[in-house]
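Q: Structure below; questions to follow.
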Amino acid sequence: MIRVLEVYREEWVGDYVILEYKPIELQKPSYAIISLPDTGLVGVISAWHIVKTLQLTEVGGVDSYTYLPPIVVVSNKYLRAPIRVFSGNNLLVIYSEFMPAQHGLIQLSKILTNYLERKGVDYVLLPSGMPIQNRFEVESLKTYYLATTTKALELLKSVDALPFENGFLAGPYALLLKEFTRARLNTILLLTESFLEFPDPEASAKNINVISRIIGRDIDVKELLEQAEIIRLRARDAMKNTLRGLAQLRKDVEYAVPLYT
Amino acid sequence: MDEEFERLFKRIKEIERSFREYIEDEFQRVIRRLREDMIYVERMFSPMWHYEGYLRPLYSVIDKGSYYEIYIDLPKADEQSIDIRFNDNLMYIKARLKEEIKFRGLSGRGGETKFYEYREVVELPFKVDPQKVRIFAKRGFVKVLIYK
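In the order they appear, the protein sequences are chains C and A. Residue 1 is where the first sequence starts when you use the working numbering, and the numbers rise one by one after that. Residue 1001 is where the second sequence starts when you use the working numbering, and the numbers rise one by one after that.
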């Protein structure tokens, strides 16, 4: 028999519904990691590994009948929302393998901003990939960062990452970054060099190493790297579906050279 | 009077031209949309695996000016068994998996299927001369260069 998680709290915001299966209390300083399907599924693979390694509990979900495909996720006989929320200690992870429609992304960015503010999250981390044309040849990957506040920048003092100074960003993380900046949330966008069109667990591992330093918790990536090929194999469908969404979000703009920097 | 007729005639021709352009644009837009929908429906009926035990790889085709660059993602493939052939504008990909793969934990939909190899036929927008092809394999990825 299928089981339905008891909903502790349900809140409709615009065309989205936020579900909580239990009270979410985060220790301080608190961090939120948001993973949406994007370049090489770097964010999704990173978040999935963090949830698995730190054994975070599923505490909620986000759904929309307007902007998300009519999907339910069935996990160990439980019905879950397409956008899943995991938590443990001082960490909140918002995880989705599905890309909402473009208009839905704008509303989702606003809703997440409001939700994270209300949860009193101190820092938001956005792990993503930066497509490079010669990824086939490159083995040592660089990570770039973008911080929205001085407080967020302080967390990056001892990490192996370079500042992202000039260029275009397109896609779901560009939207989130805009909204979080407007709301003055301490946000760090991490961009590790990766494939655009193929799942890239190696880039995810590099992102996780940086996240591990930022949040001060050890997250082993050995298993992720050992399992890299099987993750790539399993992630083919998710990647194929993501590419369609990315084309609509003008992801190609990221390869363009700005006239004025 | 002649000048006025000439101006009127010119104006009618301009309206006719812009109307024709509008119709052409709209027609192309509808055709494009129809093609996208057809590709989407076609993909819906062709998942990335087959119950006979083969997987379909992800690939990309990029026009680099003097040559085409094709990347194929073949995780878990036995590099020695990678077989890429061309016939006209078709590229045939075949590779054995290093070990038998199962999507454990998945109910139905391939959850019970054992996968042994990759198979794919890619329709390219050009005819390929096999003499002008170079193939590289590394870490489960294949790069194919086709010189124009």
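The beta carbon of each residue, even a glycine, is placed where N, CA and C say it ideally should be.
Taking the beta strand (DSSP E) that Lys1148(A) belongs to, which residues open and close that run?
A: It is not in any beta strand (DSSP E) - Lys1148(A) carries neither H nor E in the DSSP assignment.
Q: Kindly indicate which residue of Phe86(C), Ser30(C) and Ala101(C) has the alpha-carbon position closest to the one of Pro70(C).
A: If we check each option's Cα against that of Pro70(C), Ala101(C) comes out closest.
Q: Could you compute how far the alpha carbon of Tyr8(C) sits from the alpha carbon of Asp15(C)?
A: C-alpha separation (whole angstroms): 20 Å.
Q: Would Ser204(C) be called buried (16 or more neighbouring beta carbons within 10 Å of its own) or exposed?
A: So Ser204(C) counts as buried.
Q: Expressed to the nearest angstrom, what Euclidean distance is found between the alpha-carbon atoms of Val42(C) and Glu20(C)?
A: Rounded to whole angstroms, Val42(C) to Glu20(C) spans 26 Å at the Cα level.
Q: Quick test of the definition: if touching needs 3 or more C-beta pairs under 8 Å, does the stretch 43-57 of chain C touch the stretch 248-256 of chain C?
A: No, the stretch 43-57 of chain C is not in contact with the stretch 248-256 of chain C.
Q: Closest Cβ-Cβ distance between Ile1135(A) and chain C: below 8 Å?
A: It does not; no Cβ of chain C falls within 8 Å.
Q: Would you say Leu190(C) and Thr143(C) are within 8 Å of each other, going by their C-beta atoms?
A: Yes, the pair counts as a contact, with Cβ atoms nearer than the cut-off.
Q: Alpha carbon to alpha carbon, what distance is there between Asp122(C) and Leu116(C)?
A: Approximately 9 Å, taken between the alpha carbons.
Q: Hey, out of Asp38(C), Pro29(C) and Leu68(C), whose CA is closest to Asn186(C)'s CA?
A: The candidate whose alpha carbon is nearest that of Asn186(C) is Pro29(C).
Q: Please tell me whether Tyr78(C) and Trp48(C) are closer than 8 Å, where the distance is taken between their beta carbons.
A: No. Outside cutoff.
Q: List, in order along the chain, the chain A residues whose C-beta lies closer than 8 Å to that of Ile265(C)?
A: As displayed, chain C neither begins before 1 nor continues past 261, which places residue 265(C) out of reach and without an answer.
Q: When you compare only the Cα positions, how much space is there between Leu1145(A) and Gly167(C)?
A: Each residue's Cα considered, the two are about 29 Å apart.
Q: Shorter than 8 Å from the beta carbon of Phe198(C) to some beta carbon of chain A?
A: By this cut-off, Phe198(C) is an interface position.
Q: Just confirm the distance between the C-beta atoms of Thr39(C) and Ser158(C), as a whole number of angstroms; I'd bet it's less than 8 Å.
A: In fact, because the Cβ distance is near 26 Å, the residues do not count as touching under 8 Å.
Q: Can you check which of these residues, Ile34(C), Arg184(C), Ala256(C) and Pro131(C), is closest to Ile211(C) by C-alpha distance?
A: Of the listed residues, the one whose Cα sits closest to Ile211(C) is Ile34(C).
Q: Assuming Lys222(C) is part of the alpha helix (DSSP H), what are its boundary residues?
A: Lys222 to Glu226 is the extent of the alpha helix (DSSP H) around Lys222(C).
Q: Just to confirm, are Val13(C) and Ile111(C) a CB contact at a threshold of 8 Å?
A: Yes, the pair counts as a contact, with Cβ atoms nearer than the cut-off.
Q: Which residues share a DSSP beta bridge with Tyr1059(A)?
A: According to DSSP, Tyr1059(A) bridges with Ile1072(A).
Q: Relative to chain C, which residues along the stretch 1002-1014 of chain A have a C-beta separation below 8 Å, given in chain order?
A: Within the stretch 1002-1014 of chain A, no residue has a Cβ that lies closer than 8 Å to any Cβ of chain C.
Q: Lys222(C) CB to nearest chain A CB: under 8 Å?
A: Output row for Lys222(C): interface = no.
Q: Of all the CB atoms in chain C, is at least one closer than 8 Å to the CB of Tyr1071(A)?
A: True, the Cβ-Cβ gap to chain C drops below 8 Å.
Q: Roughly how many whole angstroms lie between the Cα atoms of Gly1111(A) and Glu1099(A)?
A: Spanning the two alpha carbons is a distance of roughly 16 Å.
Q: By alpha-carbon positions, which one of Ser140(C), Val221(C), Leu108(C) and Pro201(C) ends up nearest to Phe180(C)?
A: Closest option to Phe180(C), Cα to Cα, is Leu108(C).
Q: Secondary structure at Arg989(A), three-state DSSP: helix, strand or coil?
A: Outside the shown range of chain A, which is 1001 to 1148, sits residue 989(A), and nothing can be said about it.
Q: Look up Tyr1092(A) in the DSSP assignment and say whether it is helix, strand or coil.
A: Tyr1092(A) falls in the strand class under three-state DSSP.
Q: Counting C-beta neighbours from all protein chains within 10 Å, is the total for Ala228(C) 16 or more, i.e. buried, or is it exposed?
A: Burial call: buried.
Q: With DSSP collapsed to three states, give me the class of Phe1141(A).
A: DSSP places Phe1141(A) in strand when its eight states are reduced to three.
Q: Step through the CB atoms of chain A and report whether any lies within less than 8 Å of the CB of Leu233(C).
A: Closer than 8 Å to some Cβ of chain A, the Cβ of Leu233(C) qualifies, so yes.
Q: Would you say Tyr1067(A) and Tyr1118(A) are within 8 Å of each other, going by their C-beta atoms?
A: For Tyr1067(A) and Tyr1118(A), no; Cβs fall outside 8 Å.
Q: Just how far apart, CA to CA, sit Ala1137(A) and Pro1130(A)?
A: If I take the Cα positions, the gap works out to 17 Å.
Q: Against Met1048(A), what residues of chain C qualify as contacts under a CB-to-CB distance less than 8 Å, listed in chain order?
A: Those within 8 Å of Met1048(A) in chain C are Arg236, Asp237 and Lys240.
Q: In this structure, does DSSP put Val1133(A) in helix, strand or coil?
A: The answer is strand: DSSP assigns Val1133(A) an E or B state.
Q: What does Phe1141(A) touch in chain C if you count any residue whose Cβ is under 7 Å from its own?
A: Per Cβ cutoff of 7 Å: Phe136.
Q: Taking Lys1138(A) as the query, report the chain C residues whose CB atoms sit under 8 Å from its CB, ordered along the chain.
A: Within chain C, the residues near Lys1138(A) are Phe136.
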